[in-house]
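Q: Dumping the structure here so I can ask a few things about it.
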Amino acid sequence: MHEVTLRARGHDHVRAAHESTFELTTDDWLTPAGDCIVGVEADATPADLPSSFVDACRDESAHVTAHLVAGGVETTVAGRGDPDLTFEGERSMVFRTSGYVDERTVMVAADAAAADLDRDLVAELQDGADLTVTLRVE
């Protein structure tokens, strides 16, 4: 198992309404149109992740989870890896319910998108709570 912990924070424009992705961005701002973004000022991007984690995620049979915690509310999203993951994104990280892969993708076939996240978690993020995301791959 490989594990990486990331930190970000919520923002008053977090809507978490997107039905196929959720995203963390290193940007320190968010417009209401960013309905997939759940955290800003992320301290890492796909390009920052350790090579051992990246290599493990590039296996189609890899089980990938993202455990999100904000304001004492927790939720876990499960998905899988993919051989086409590049981990080259240097601005944001995207978790997808589909199999689509680009430089920002860190998980495909996720069992939840932004719209599916616990609304108590979303409320904490809208209040600007700190967000901790622990990524695990097995």
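Take the sequence shown: its position 68, counted from the start at 1, is 51 in the working numbering, and no numbers get skipped.
Idealized CB from N, CA, C, for every residue including glycine.
What distance in whole Å lies between the Cβ atoms of H(-4) and L13, which are believed to be in contact at a cut-off of 8 Å?
A: 4 Å between Cβ atoms; contact.
Q: Name the DSSP bridge partner or partners of M90?
A: F78, per the DSSP bridge assignment.
Q: Buried or exposed, going by whether 16 or more other CB atoms sit within 10 Å of the CB of D11?
A: Burial call: exposed.
Q: What residue range is occupied by the uninterrupted alpha helix (DSSP H) comprising R(-10)?
A: Looking at the DSSP string, R(-10) is not in any alpha helix (DSSP H); the run it does join, the beta strand (DSSP E), is -15 to -8.
Q: Excluding the five sequence neighbours on either side, which residues of its own chain have a C-beta within less than 7 Å of the C-beta of L32, listed in chain order?
A: V(-13), F70.
Q: Apply the 10 Å Cβ neighbour rule to G22 and answer buried if 16 or more other Cβ atoms are within range, or exposed otherwise.
A: With 16 or more Cβ atoms within 10 Å of its Cβ, G22 is classed as buried.
Q: Can you tell me which of A(-9), A(-1), A27 puts its alpha carbon nearest to the alpha carbon of A95?
A: A95 has its Cα closest to that of A(-1), out of A(-9), A(-1), A27.
Q: So, using beta-carbon positions, are L118 and V47 closer together than 8 Å?
A: In contact: L118 and V47 (Cβ atoms closer than 8 Å).
Q: Suppose you measure from the CA of Q109 to the CA of P15; what does that come to, to the nearest Å?
A: Q109 and P15: Cα-Cα distance of roughly 11 Å.
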